[in-house]
Amino acid sequence: MSGAVLVAVAAAIGNLLQGWDNATIAGAVLYIKKEFKLESDPTMEGLIVAMSLIGATCITTCSGGISDWLGRRPMLIISSVLYIISGLVMLWSPNVYILLLARLLDGFGVGLAVTLVPVYISETAPPEIRGLLNTLPQFTGSIGMFLSYCMVFGMSLMTLPNWRLMLGVLFIPSFIYFALTVFFLPESPRWLVSKGRMSEAKKVLQRLRGREDVAGEMALLVEGLGVGGETSIEEYIIGPANEDAEDHDVSADKDRIKLYGPEEGLSWVARPVTGQSTLGLVSRHGSIANQSTLGLVDPLVTLFGSVHEKLPETGSMRSTLFPHFGSMFSVGGNQARNEEWDEESVVREGEDYQSDGAGGDSDDNLQSPLISRQTTSMEKDMVPTAHGSLTSMRQGSLMQANAGEPGSMGIGGGWQLAWKWSEKEGQDGKKEGGFKRIYLHQEGFPGSRRGSLVSLPGADAPAESEYVQAAALVSQPALYSKELLKQHPVGPAMVHPAETAKGLSWSDLFEPGVKHALIVGVGIQILQQFSGINGVLYYTPQILEQAGVGVLLSNLGLSSSSTSLLISGITTLLMLPSIAVAMRLMDIAGRRSLLLTTIPVLIISLLILVIGSVVKMGNVVHAAISTVSVVLYFCFFVMGFGPIPNILCAEIFPTRVRGICIAICALTFWICDIIVTYSLPVLLKSVGLAGVFGMYAVVCVISWVFVFLKVPETKGMPLEVITEFFSVGARQVAAAKNN
């Protein structure tokens, strides 16, 4: 995974520049006010600080659509160029109006970086460490703030501090970021697949994952091109294709389904379960809306939670599908794996398709299907052909023995991707069939120590049974072609993305799953900003100055301005280990758990600030309480409410609408940021420090309630599976309301 980690670190430099800029303007504004005589003009002071936010808001309105058109990488390159230009203009700034222009250009760079870096990291990171890598922007942003505060503090000790130099130094790290985006960062593989550039996407994935076999994930990215669809949750008993189950709790033979994987030899038999799901994940006998323990909790939260639920004897549901499964799911030493599978270059028996080596750009070969298929006749029990096709039977090809090395079926987080063929008799007596895409996730069973024995109520499975029960999200393949069915394919009949690729349709935003995700994304962005973090960050030196923090260090001979800058730098330094803890826990405890745990600490620290401001205390005591409370607020904010909204927003939208949906959420973020930042100087004068923090505390209480009721847990789940859950959950909730 080192490739994905290095790419994420390089991309997160854009957020380091944002943190650098935030801290620099917080310190420089103390000296800008004096030069331009703005002490009596808080409006202009607020405008200088908020101008970058206005620029970020303007650029965000179109960044999503442009990134879907040009790609993620070109937009990050443009962001680095804007950082460089703004730094040079701020270094010049002969008057306040040129300074405002420079801050506007800086905002353009900030807006692109903050909006697209989380999207880029989410689209390149493996599910198991996606939360950790997507916390990197928060970590690098805090590093940027600390380095900037150190620089500004050092300059504040000079006889004539130069605020132009403070702001203009930004162009130096911006050059480094520019070099990284141009020469090191690859394009997002999901974006490449959405444009039909399959060969490039495969090479990028191989680089990011550090292995040649990326068949399953390539197929996953193709399936992620769909938006919504009629997704259902089903439950199967799954076993080898050449064995028959004796269990009485599975359906009759006529309902037996053949499953196919994305590589040659991946096939097995699944039969629908007639009993109740162990996890309560499947809603065969009722709507998931009725599964919520509290009527107010969004059923979607319950649905996501059931996947992560820890069961007795079976461990966390983040474990890989079918762990320790012996001969069936391990690859023996004498079994040659098919490493030659490629979406565009498989040599197919009986078919006359060109391979990549035949010359020309394979991306233009629109006749080349994504998944190997063969024109053999259907048999009643769907017995696979002997060799040369997708469904050539080979025992033990589903999963490698080592859990850390996903096989061709593995798409991360314990999920597996397959397709099923099912058929039924039509009205004219002819058999009609079709392919469905399924995302599989094993269900645990209390009392089953190996995870491979199925102990269903009322039935005793044989001791050597290799059947397991798995929950499945079942829906139409994204690039499914009914015309290919006329050729009687034995495998997923799919077409090249370039043949069906289309731009954003605004109606996609009203698809139930997307609409539901937008409510979660926009809601959490609004609450994050009105919890006050950016207003506090921008004005930390002034807030601490007003709190009398200069008393703490007055005996060192420091001015109040230098003291507040020093305390701000120490505060950001203390934030770094807190973010490191969040990075460690993001994929273990999960996003939802971190939010529910850290927000109460924010509330307590804000209430202490209010009490400290209202109750009369000595100057030293008051300053100490204010400083400790602000430090606690910052540290716990960056553990949860800081990084998680951006992480969630980058995870919960389908690939085809991710750009525009992220832009909507980011636009919400910046508008609220402008309101908070611009209004803070006025609020400090009107209601005082106690009133400001009191309002923030109320918002934090509302935020905790919103997270508890509406925000699902997305840790360890592939992006495409998350969007499927939103789709099926939103549709079933709507159906329950209609009924």
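As numbered in full-length UniProt numbering, residues 1 to 739 make up the sequence shown, in order.
Virtual Cβ for every residue (Gly too), placed ideally from N, Cα, C.
- Rounded to the nearest whole angstrom, the C-alpha separation of Gln138 and Thr677 is 19 Å.
- Distance from Pro681 to Gly27 at the Cβ level is roughly 16 Å; contact not present, criterion being Cβ atoms closer than 8 Å.
- Under the Cβ criterion (8 Å, minimum of three pairs), the segment 171 to 178 counts as touching the segment 82 to 90.
- Taking C-beta atoms as the reference points, Leu170 and Thr24 count as a pair closer than 8 Å.
- Each residue's CA atom was taken as its position, placing His441 and Gln206 some 24 Å apart.
- When only Cα atoms are considered, Leu192 and Met198 end up about 7 Å apart.
- By the C-beta density criterion, Cys665 is buried, having at least 16 other C-beta atoms within 10 angstroms.
- With respect to Arg656, Val227 sits close: the two C-beta atoms are nearer than 8 Å.
- A straight line joining the alpha-carbon of Val119 with that of Arg211 spans about 23 Å.
- The Cβ-Cβ distance between Arg271 and Ile237 falls below 8 Å.
- Pro240 carries a strand assignment under DSSP once its states are collapsed to helix, strand and coil.
- The residue from Ile579, Gln469, Gln476 with its alpha-carbon nearest to that of Lys436 is Gln476.
- Annotated three-state conformation of Glu35 is helix, per DSSP.
- Per the C-alpha coordinates, the member of Arg190, Gly168, Ile644 positioned closest to Val522 is Ile644.
- In this structure, Ile652 lies away from Ile567, with their beta-carbon atoms at least 8 Å apart.
- Taken in chain order, the complete alpha helix (DSSP H) segments of 4 residues or longer contained in the segment 51 to 106 are 72 to 92.
- Here the segment 594 to 609 makes no contact with the segment 658 to 675; the two share fewer than three CB pairs at distances below 8 Å.
- Shown here for Trp163: same chain residues with a beta carbon closer than 6 Å to its own, the five before and five after excluded, namely Ala28, Tyr31, Ile32 in chain order.
- Close CB contacts of Val711 within its chain, under the 8 Å cut and outside five residues either way in sequence, are with Val301, Val520, Ile524, Arg591, Arg592, Leu595, Leu648 (chain order).
- For the segment 642 to 688, the full-length alpha helix (DSSP H) segments reaching 4 residues or more read 644 to 651, 655 to 686 along the chain.
- Assigned with DSSP and collapsed to three states, Leu417 falls in strand.
- Taken through DSSP and simplified to helix, strand or coil, Phe435 comes out as strand.
- Phe304 and Ile702 have their C-alpha atoms roughly 22 Å apart.
- Going by C-alpha positions, Thr140 is about 15 Å away from Leu116.
- The Cβ atoms of Ala4 and Phe184 lie no closer than 8 Å to each other.
- In this structure the segment 101 to 113 lies against the segment 49 to 66, because at least three pairs of beta carbons, one per stretch, are closer than 8 Å.
- With three or more CB-CB distances shorter than 8 Å, the segment 620 to 635 counts as touching the segment 557 to 573.
- By the Cβ neighbour-count rule, Tyr467 is buried, with 16 or more other Cβ atoms within 10 Å of its own.
- Ser174: not part of any beta strand (DSSP E); member of the alpha helix (DSSP H) spanning 171 to 183, first to last residue.
- With respect to the 8 Å criterion, Ala102 and Gly14 are not classified as neighbours on the basis of their beta carbons.
- Within 10 angstroms of the beta-carbon of Gly557 lie fewer than 16 other beta-carbons, which makes it exposed.
- Between Leu132 and Met639, the CB-CB gap reaches or exceeds 8 Å.
- Secondary structure note for Ala478: it is in no beta strand (DSSP E), with a DSSP letter that is neither H nor E.
- For Val601, same chain residues with a beta-carbon under 6 Å away, outside a window of 5 residues either side, are Phe636 in chain order.
- Taking Ile526 as the centre and dropping the five residues before and after it, the same chain places the C-beta of Thr668, Cys672 closer than 7 Å to its C-beta, in chain order.
- Short of 8 Å from the beta carbon of Val581, and not among the five residues preceding or following it, lie these beta carbons of its own chain, in chain order: Met639.
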